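Engineer:
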Amino acid sequence: MELKKITSEDSGWHFGALNTTTKQLEDFSLEKMARDMGSDAPELCRMIGLLLDDEGSGIFDGEKDVGGPSDVAMGDDDGYWDEVNEIDLEGFISGLVADKGLPSSTQDKHRRRRAAIVMIKKTITISILMQSTNQKANAPQSILGIFLQSAHTPQKVIDTLAHIGISISTETINCAIRLLSVASQENLCALGQSLLASYVYDNFDVDLKSHVPIAEKSDDSLKHLTSGLLFPLVHGITTDDLKCSEELWSRSALNPRVNKAHLPPKKTWRDLLSIHPELSTPHQPTRRDRFNSWVFLSDLCTHGPEYFCRFKGGIANPEGIDQIPVVKTEITAARAMDVNNSTVSGNIRAVVDLLQQGGIYDPVELVAENLDTPDISQHVVLIHGDLGTGEQLQGIHLRRSIEATPWDRFQHIVFIPGLFHLKMACAEAIWCCFIHPPTAREDETSLIHDVALLRPKETGIYCSKPGFRRTHQLIGHAGICQRLDCWRVHIKMKGFCKP
């Protein structure tokens, strides 16, 4: 009776792979299924627990007791549970044994992970029985089948698991994937046609090795493709905020019809110093001074003498300026494009293809083909990418600036670099000024002298091609050392010394 109850449609575990939606995938929770099984079929869960030698786990009964007779004698299995410790089960376990005040000893961690593994086995075993009783009760099987497909699992493996009852068949999986693809395309169009979407694209390579050699291009198996993403613009942004294409074009230096005398002055790095002006108050530290003080205190308590580590919790967060609220942003993946975006023409194809996936077309085509899509002529579209993408988009604007229509000259494209790529540009600028030039080695205060102290065996690498990560680490470590040295000098000037 219990098995019949949990396999009924009212139980909520009829997945319906032939009517799959992204909401079904997002809402599925193995923890919730385990709890529902424990409440709706307690005797069945207890019987499966006995067969799995887990009489005292209490997971299904809501007791959240991670002890039990079978958990005590584990001396010979410590190596196994040390390996299980590497599995990412923290969130899964916390959902089962939260707010219990359990100690964090090694043995207790092993017990908690064992309880989580046994609970997974219980849930999967009962789900196999559920599908045998009612084929429509196949929620875990459908989720696992779609996951196996996304992980490029061989078809023979999926078919084997389907016969066992752990997965659904490959035909059903393919049908579900097609439905999800159609739904994803509809979501892309709805998001793109709202004119409140931001676009991201980047290149990726696939090595398509052929099992049968051919005479033509036998060594050319590397395929250059382009991936794309769309995500909504939040924080109260409206379409009127993006309706500025004509105004930006009228002030662009690329506009051949603009009066050069009316162009705004070019910005330099000095303008960054006044981007957030503040009123000067006598005998009061400025905003920049307060931030520098926070950095000095943070370095002292984090990397300084062990005595100061106790004060790290008393350091408040730095002062926020025009802080953007953190929100969860939904990201929708676009279809991969057979485009090599290492050239200007390739980037043109990538941008046009990505906009078409978002339901945005050339306004001339809208009139000619009577398409029911919004006109992008008056609006701008934000494009994100790496620094190479920014250079290619700048090349598009240079080449297309003489075109007659806003669409043909890509007037609507506005490139937004990411913070990571901004850091890359700053790190390269520091390297070009303070490490690479031979004259920098003559200055004792130059960064290359810190390299000789921090990385004495890597000075040659830093002077040639260190890469971003190595340069970024050097800048951070050198700054920490210099600030700690300032503390040393300050303490010495105050007359303090070691006893």
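Quick note, the working numbering runs 269 ahead of the 1-based positions in the sequence shown.
Built from N, CA and C at the ideal position, the CB exists for glycine as well.
All of these numbers come straight from a predicted model, not from anything done at the bench.
According to DSSP, simplified to helix, strand and coil, what is tyrosine 630?
Structural biologist: Tyrosine 630 falls in the coil class under three-state DSSP.
Engineer: Work out the CA separation of isoleucine 590 and histidine 432 for me, nearest whole Å.
Structural biologist: Cα to Cα, histidine 432 sits roughly 59 Å from isoleucine 590.
Engineer: Residues in the same chain with beta-carbon distance under 8 Å from proline 525, minus the five sequence neighbours each way, listed in chain order, please.
Structural biologist: Ser670 and Ile671
Engineer: Determine, using beta-carbon pairs with one atom in the stretch 502-518 and one in the stretch 545-564, whether at least three such pairs fall under 8 Å.
Structural biologist: no
Engineer: Since glycine 654 is in the beta strand (DSSP E), which residue starts that stretch and which ends it?
Structural biologist: 650-654 is the span of the beta strand (DSSP E), which, as asked, contains glycine 654.
Engineer: Taking C-alpha atoms, which residue in Asp309, Ser463, His493 and Asp279 lies nearest to methionine 270?
Structural biologist: Asp309
Engineer: CA-CA distance, proline 707 and proline 725?
Structural biologist: Straight-line measurement puts the Cα of proline 725 at about 17 Å from the Cα of proline 707.
Engineer: Should cysteine 702 be labelled buried (16 or more other beta-carbon atoms within 10 Å of its own) or exposed?
Structural biologist: Cysteine 702 is exposed by the Cβ-count criterion.
Engineer: Please report how far the alpha carbon of serine 463 lies from the alpha carbon of arginine 752, in whole angstroms.
Structural biologist: 49 Å
Engineer: In its own chain, which residues sit with a C-beta less than 7 Å from the C-beta of histidine 746, not counting the 5 before and 5 after it?
Structural biologist: Leu723
Engineer: In the DSSP assignment, the alpha helix (DSSP H) including lysine 692 goes from what residue to what residue?
Structural biologist: 688-703
Engineer: Any idea if valine 758 is buried or exposed, counting beta-carbon neighbours within 10 angstroms, 16 or more meaning buried?
Structural biologist: Burial state of valine 758 is exposed, judged by a 10 Å Cβ sphere holding fewer than 16 other Cβ atoms.
Engineer: Taking the C-alpha atoms as reference points, what is the distance between serine 339 and lysine 378?
Structural biologist: Because serine 339 carries a pLDDT of 44, less than 50, the predicted location of this residue cannot be relied on, and the following value inherits that uncertainty. Roughly 15 Å separates the two Cα atoms.
Engineer: Is the CB-CB distance between alanine 406 and threonine 289 below 8 Å?
Structural biologist: no
Engineer: From what residue to what residue does the alpha helix (DSSP H) around serine 496 run?
Structural biologist: Premise fails: serine 496 lies in the beta strand (DSSP E), 491-501, not in any alpha helix (DSSP H).
Engineer: For aspartate 558, which three-state DSSP category applies?
Structural biologist: helix
Engineer: Could you tell me which residues DSSP pairs with valine 475 in its beta bridges?
Structural biologist: Lys492, per the DSSP bridge assignment.
Engineer: What are the boundary residues of the alpha helix (DSSP H) that includes lysine 292?
Structural biologist: 291-296
Engineer: When we look at the beta-carbon of isoleucine 685 and count the other beta-carbons within 10 Å, is it buried (16 or more) or exposed?
Structural biologist: Classified as exposed, isoleucine 685 has fewer than 16 neighbouring CB atoms from the shown chains inside 10 Å of its CB.
Engineer: Can you look up serine 614 in the DSSP assignment and give me helix, strand or coil?
Structural biologist: helix
Engineer: When you compare the stretch 643-653 with the stretch 677-691, are there three or more beta-carbon pairs, one atom per stretch, that lie closer than 8 Å?
Structural biologist: yes
Engineer: Phenylalanine 284: buried (16+ other C-beta within 10 angstroms of its C-beta) or exposed?
Structural biologist: buried
Engineer: Would you mind giving the Cβ-Cβ distance between leucine 656 and histidine 690, rounded to the nearest angstrom? I have them listed as a contact below 8 Å.
Structural biologist: Yes, they are in contact, since the Cβ atoms of leucine 656 and histidine 690 sit about 5 Å apart, within 8 Å.
Engineer: Ordered along the chain, which non-local residues of its own chain (more than five positions away) have a Cβ less than 8 Å from that of leucine 287?
Structural biologist: Excluding positions up to five away in sequence, the list reads Thr441, Cys444, Ala445 and Leu448.
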